[in-house]
Structure formats: C-alpha cells, structure tokens
Amino acid sequence: MLYFSPTPFTLALGISAWMATAALSFLIWKRSSHPRRTAAAEMLRLLIAALFVLLLCDPEWRVTVHPKNTPVVAVLWDDSKSMATLDTHLPAALSPGREVVSRAEFVQKLLASGFWKSLADAGKNEVITRAIASPPANGSGEIHGTDLEAPLSALLREQDNLRAVVLVSDGDANSGQPPIVAAQKMHLRGVPLFAVPAGSTTRLPDLELLAVSAPTYGIVGENVQIPFTIRSSLARQVRTVVHLRDSGGREVSKDIVLPPGSETYDSIIWKLQKDTANLTLSFPSADGEQIAGNNSRSFTIAAKPEKIRVLILETLPRWEYRFLHNALSRDPGVQVSCLLLHPQLGPGGGKDYLTAFPEKPAELSTYDVIFIGDIGGAPGQLTAEQCGMIRGLVENQASGIVFLPGPQGNQATLLQSPLADLLPVIAEENRQDGHRETTPAPLTLTTEGRSSLLTMLGENEEQNAEIWRRLPGFHWHAAVLKSKAGAEVLAVHGNRRGPYGPVPLIVTKPAGNGKALFMGIDSAWRWRRGVEDLYHYRFWGQVARWMSYQRNMAAGRNIRLFFHPERPEPGNTVTVNANAFDANGAPLENGTISLDITSPDGKSRRIDLTKNNSAWGSFSSSFKIDQPGTWKLRAISSATPDAPLETTLLAQGADLEKTGQPARHDVLEEMARITNGRMLSPENLVTLAADVAALPAPRPLETHLPLRTHWAVPALLVVLLGGFWTMRKLNGAF
C-alpha cells in the first residue's frame, strides 16, 4: 500500500509549484499555433510536475505481513570465557544455601531448572534457547570476544513472530557493534528484552600483568629496558617479586610494591647475550588472589650486532670533547667522525677527523647520531644551511641529536637557526656563558631518570641510584630556565632551583622521527675518578644506542624501515616510516616505495608509501593490525627493486575475554530500558512468566520501501523528461 508523509511546508510548496506550472502551461497552450500538439506536451509537463510534488511528500510502499505461527520467546545465554568467573550467588530457588558458583554454572543450573516450562505455558509461546558464543577472530591466535549485538540482530531477522527475548549474561560486550544498536532494532519491532544478570559488579581479588612493552631488538651484550604494568584489585598493599627468565634458565628479579586497587608502572633490566631471547615475565600469586593465570607473559627480543655512525661537532678541544671522543672511539659498536672547527687553527686533522661539514644530504644521511658541542652559528662555525640539513636528518631519517653546550656559549646562536625547535630546553636570556659553581654540584635523577635506560649505570634501579649519588659533581652548567612541553627531564641540578623549580640538566624530547638530548654540564669526564672508564664509557655508549634505536630497527642496503608501535595489539594502527636511497646512496627523490604485508594467516596485500615533502627520501603510511602473530613486511624501492628489505613485526595477542572482571549490569539495564523490557534479578525470575503473558501479541511485520530512493523513480523521470523535450522539438519549440 502507498503511504505519503508530507509536512505542511512541503505540501504547500508542492501545491503552489504545481498550480504555477499549470498556469504557465495554460498560457503556452492559448498562445500556441498548434493547440492539439501543445496540449499533449503541456499535459506531460503537468504530469512530471505532479510526480515531483508527490516525491516531496516522501512516498513509500508498505507491505504488512501477519504472522501465522506460534509466538516465540527466545532465551539467549552467554558462554564466553568471562562467564568462568567464580562470583555468582545462586538464588534460593536453586540452592537453599546460596552457594557461590561461576557465572557459567549459574546459567547451566538455570537452564536445567523447570522454570522455562512455565514461560512456554504463559501465552502459549514457543521457547527456544541459544548460546551466545565468543567467536574467534580470523588468524592463528586465540582471541575471543563477546558480541551481544550480532546474535540479537540475527534473531530479529530469523523470527517473524518474536514476542520477547530473555538474555542471561554478564554484560561483557567487547566485540562487534554496541549492544544498544540491537536494542534499538528490538524497540522498533516492539520486542522487549528481559535481562538476567550473572556475576558481581565488583572485581575479584586479583593481580594482573596488564602489559609488557619490550623493545623489538637490542644489541648483543647490552642492557634493554622492559617496562611492564601490573593491576591490583586486592584491598591491601602487596610486596612481590617480578621474575624475568629466558629459555635457558637465566633469571633476573626485582622487588616491587603494589598499592591496593591501582595500576603500577615499572620496568626491569635484561642484558642480551645471544641472537634471540625468548623471555617470560612473571610474579607469584598473592594470598587471597583468585586468578593466577594472568600473572605472566612471554615475548621475544631479537639481538644483533650494531655499528653506529656518530658525528661530533666542536670548536675547542675541551676536556668533555676529548673524553667523549675517546669513549666512542673505543666502543666496538660505534664508528666516530669528528669536525673540530678551531677558531684560530681551522679544521682539525688526524684519524676520524673531517676537514669540512658534509656538503650533501647523501653524505650526512650516513650518520645515526650527531653531537653538537660548544659550537653555533657564528662565522667559521655552522651555517644556517648546515643547521637545516641536520634538522632534516633528525626529523626525516630518525637520527639523534645531542646538545653539549660549553662555557663559550656558542650554542646560544643556534636559537636563531633551524635547530632552535629541536632544543629540549628554554635557556636564560643574557647568560650565554652559563653558571659556575665554586664547589662541585651533584646531579639528581628524577623519577623518570631513575628508570631510564639512558641513565642506567648499574645493573638495577637500586644500584643505579647509589651510583649516581656517588658520582663526582660538576663545576659548570648551562643557564636553563625550564624544559619545553613534551620533553622528559631525567636529571636536575642537585642544589640550584630556578623560577620553575629545579634546573633541568639532562633532558630528552622527540624531534620528528628522531630524538633530541640536552646535556647541560661539561663534566661527565670527571665520572672516571676512581673507576676509570666504567661509568663514563657506559653512559655515552647507551646514549649512542638509545638515540639511534629507531633508525636501525630494520636497515637494508638501500631502504631503512621503522614503525610504531613496535609491539601492536589487534585493533592498533601501525605507522610505517621508510627512508630510501638510490643506487649511489643518495636520498631517493624520484621514486616510490611499496610495502608487501603478509599477515599471520598467510594473506598478503600491498600498500604504497606516501613521500614526505622533503629531500631526505622519507616515506610513510599506515595499516591496521587485525590478528596476533608474526607479520612479514617487505619494502621494495622502485630505484633498486632487486634489493628489497624484509623484516617482521610481532603483534601481541590481546585476550578480550578475561575472568575476574566486574560484570557489566549497566549494559544489560540500558538494553532492557530501550526495548521497554526490564532487568530481573535471579530471585525475581518467577515474575517473568507473568510479564510475558501480559505482553500484547507481536506486531505484524512491516517492510518499508521509500520510493524517492528507488532506482525506478529517477529512471521514470528521465524517460518522461526525454519525452517532453522530444514533443517540444516536434512542436517547433527551441
């Protein structure tokens, strides 16, 4: 049957337009020399105008189907993993002692009871029961989730005489569309939802290892920092020991304190000794903890030898420069180049020394880390163009930059250069030469500095804090007001405070794709006192490796690839950055980068990376992780197609379904409210039969076909307008 839904405005507009068209047609017919043919054309015009008026009234074709079968009451019950949580009191009707059972046991006892027979008798209904499974995601991992929307929507499509739905669940909906979507569909059909909640709304006493953020690779013989997060839902403070073990039985441990009802962020140090380390992080169960299966996680860290290329820029060969050069030159994993621009003698010479700054981006792009000493933009030092090249290298090719100011204050001139934005700190005005100390002043680690791999001079955090307390102090420091937004302060002046608090002296900050480090003292060489090279060499070696980590994540002959996050979980979007070079080693300017992505289930696809607006051969793109496991990445450059770069990305499994989580009764209550049903506690289930019997008969099913959007309507208009145009031409109209 055809229905119209005009508004007063559209109805008045349509009638007025049609009457105006009719008046125009009448005048044309009166003035025409061929009244019969003109009348036919104008009648067609009026017909087309009438069709437009009808379309303004939103016409639709409705078909009503009256069901003839028995009304259906569907009972859906949740059998997902979260239903294994042991936190449900049985109602007195099922257990006089009201014992505590799992949510799944409660459902099974409820289904096995004779309650559903009374539901079938109430109004002569047919009762069907169906489990809501937790469907596995595509892929090799075992990721499960509860989708409350899909089974309810499927039920509405299958049943044309659905009277009511009873849903027994804990409300933990963590996949698919929001459950409210299905509730709105049920409301439109007039099908109420009666929700029976299972489980407790409070979390079970538990300690859970939420996340382990291990790096994807490290250097053989070097320490790696492994952050982790533990959540405690216990009502008391817990002291526990975190153990980190490899497959060979080697182990390190760390004592931690977990506050009640909160999340604790911490990290542990591991020294890599072989190519690949298969590690497990775990902690023992605490007294009163009811779930022990979430106290450990396993992961892999690849270890590889590394050769880091470092460029040191300086003017005078001060003590800090000399000992820094020695420390990096003697590091077997570092290759050093120096440019010493002495104000009187000119460029320095000798082994590892450059006679001039690299002229082209291709020459500069070979360096992983650049140390900027007491040098600036004064005549005979760095030009604005050279500063711009350094900035481009850091931001586009993920190199690191280390600022090492000195008493001459040359770095103050960099504030007028392209490097100004890379500085992690804001300097004092008119104090270019810094501050001198009459007595040695100490460096004090911040909370971030005590756990940072950059400042880790001991084997663990406790030992590290003691080492920093015993380090010799400094007699000069840069004039710094505060750190910039987004920077991380690792160490501050132990004695001096500024207008914004303690003076920051070791500060890091992201710089595009790279990193920037500010070291505001020139006395790190004094750390050798009594221990020789132990701490001094270790610190600068860690700086070089930390600054170049991302750049060397996956490096080939002509392509370098790095991505973030390093260990994504299903649902994360991975940003991929690539640096490409031509056959001569220069950054690729004219060419493309394609990335072949193979998921753990063997399916492959190709994406093209977008070139950034720079001369550094920088490309980027992103893709979404939809399953856990090992993803294979293969980058191909159009300039060197015979030398692709292959690497892997490990996606961590994310278990959406967890035991011990609080039940989501609020989700069930909202669904019941939208559908004009209600939520029933297990003790009040006896009233459900009466509620169902009082429901009206299911409404007939109606299908609505909007004519305004149907393909036949515009087709008809095209035919009619074409006929009208033809008739006007035959009538001699132009």
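In numbering that gives the first Met the number 0, the protein residues as written are 0 to 733. Where a beta carbon is used, it is the ideal one built from N, C-alpha and C, also for glycine. Owing to the predicted nature of the structure, the values given are computational and were not obtained by experimental measurement.
Rounded to a whole number of angstroms, what is the C-alpha to C-alpha distance between residue i and residue j?
i, j, result
"phenylalanine 473", "alanine 440", "5 Å"
"asparagine 137", "arginine 672", "Because the pLDDT of asparagine 137 is 45, which lies under 50, any placement of that residue in the model is unreliable, and the question is left without a value."
"glutamate 428", "tyrosine 499", "15 Å"
"arginine 605", "aspartate 254", "47 Å"
"aspartate 146", "proline 178", "8 Å"
"tyrosine 536", "serine 547", "17 Å"
"lysine 108", "alanine 92", "11 Å"
"lysine 350", "cysteine 337", "9 Å"
"serine 271", "isoleucine 225", "It should be noted that the sequence gives leucine, not serine, for residue 271. Taking the straight line from one Cα to the other gives about 12 Å."
"methionine 518", "glutamate 669", "56 Å"
"aspartate 532", "alanine 326", "8 Å"
"leucine 413", "tryptophan 475", "20 Å"
"threonine 279", "alanine 582", "43 Å"
State the start and end residues of the unbroken alpha helix (DSSP H) segment that holds residue i.
i, result
"phenylalanine 51", "34-55"
"lysine 29", "7-30"
"threonine 725", "711-729"
"threonine 446", "446-450"
"leucine 151", "148-157"
"valine 180", "178-188"
"phenylalanine 105", "102-111"
On the DSSP bridge assignment, give the partners of residue i in chain order.
i, result
"aspartate 254", "Val240"
"lysine 631", "Thr597, Thr647"
"glutamine 224", "Ile268"
"alanine 515", "Ile400, Lys508"
"tryptophan 76", "Ala130, Val167"
"leucine 340", "Pro346"
"arginine 707", "Bridge partners of arginine 707: none, in fact."
"glutamate 59", "Tyr2, Pro705"
"proline 586", "Phe580"
Using CA coordinates, which residue listed in the options is at the minimum distance from residue i?
i, options, result
"serine 81", "Arg244, Thr69, Val71, Ser101", "Ser101"
"glycine 540", "Tyr264, Glu305, Leu716, Thr84", "Glu305"
"aspartate 595", "Ser603, Asn589, Glu588", "Ser603"
"tryptophan 60", "Glu458, Thr201, Phe25, Ser4", "Ser4"
"alanine 172", "Leu203, Asp77, Val240, Thr228", "Asp77"
"threonine 646", "Ser680, Thr597, Ser620", "Thr597"
"proline 705", "Arg430, Val502, Arg469, Val62", "Val62"
"arginine 321", "Tyr352, Ser621, Ile307", "Tyr352"
"phenylalanine 561", "Phe723, Leu632, Thr412, Asn611", "Leu632"
"glutamate 125", "Arg156, Leu161, Pro713, Pro342", "Leu161"
"glycine 217", "Ala579, Trp545, Leu715", "Trp545"
"histidine 664", "Phe227, Leu155, Ser168, Gly399", "Ser168"
"arginine 651", "Val573, Ile466, Ala411", "With the sequence shown as reference, residue 651 is identified as glutamine, and arginine is not the correct amino acid for it. Nearest option by C-alpha distance: Val573."
"valine 393", "Gly616, Val165, Leu55, Ser328", "Gly616"
"aspartate 57", "Ala11, Thr6, Val506, Gly198", "Thr6"
"lysine 273", "Gly170, Gly287, Trp318, Val219", "Val219"
"proline 70", "Val691, Arg707, Thr708, Gly722", "Val691"
For the beta strand (DSSP E) holding residue i, just list the boundary residues, first then last.
i, result
"asparagine 612", "Note, asparagine 612: premise wrong, no beta strand (DSSP E); not H, not E."
"isoleucine 307", "307-313"
"arginine 746", "This structure does not reach residue 746, given that the chain is present from 0 up to 733, and the question cannot be answered."
"isoleucine 369", "368-371"
"serine 261", "Per DSSP, serine 261 belongs to no beta strand (DSSP E) and is neither H nor E."
"threonine 487", "It is worth fixing the name first, because residue 487 is glutamate in this sequence and not threonine. Counting along the chain, the beta strand (DSSP E) containing glutamate 487 begins and ends at 487-497."
"leucine 203", "From DSSP, leucine 203 is part of no beta strand (DSSP E); its letter is neither H nor E."
"isoleucine 425", "424-426"
"serine 328", "Counting along the chain, serine 328 falls outside any beta strand (DSSP E), though it belongs to the alpha helix (DSSP H) covering 318-328."
"aspartate 690", "No beta strand (DSSP E) holds aspartate 690; the alpha helix (DSSP H) holding it covers 687-692."
"threonine 436", "The sequence as given places glutamate at residue 436; threonine does not occur at that position. It spans 434-440 - the beta strand (DSSP E) in which glutamate 436 sits, taken as one unbroken run."
"leucine 280", "275-281"
"isoleucine 300", "295-303"
"serine 482", "479-482"
Quick one: what does DSSP say residue i is sitting in, helix, strand or coil?
i, result
"lysine 359", "coil"
"glutamine 541", "helix"
"alanine 213", "coil"
"glutamate 141", "Low local confidence applies: a pLDDT of 44 at glutamate 141 is under 50, so the model's placement there is unreliable, and no value is given."
"isoleucine 389", "helix"
"asparagine 578", "strand"
"methionine 0", "coil"
"glycine 676", "coil"
"isoleucine 779", "Outside the modelled stretch of the chain, which goes from 0 to 733, sits residue 779, for which no answer is possible."
"lysine 623", "strand"
"leucine 470", "coil"
"proline 681", "helix"
"valine 530", "coil"
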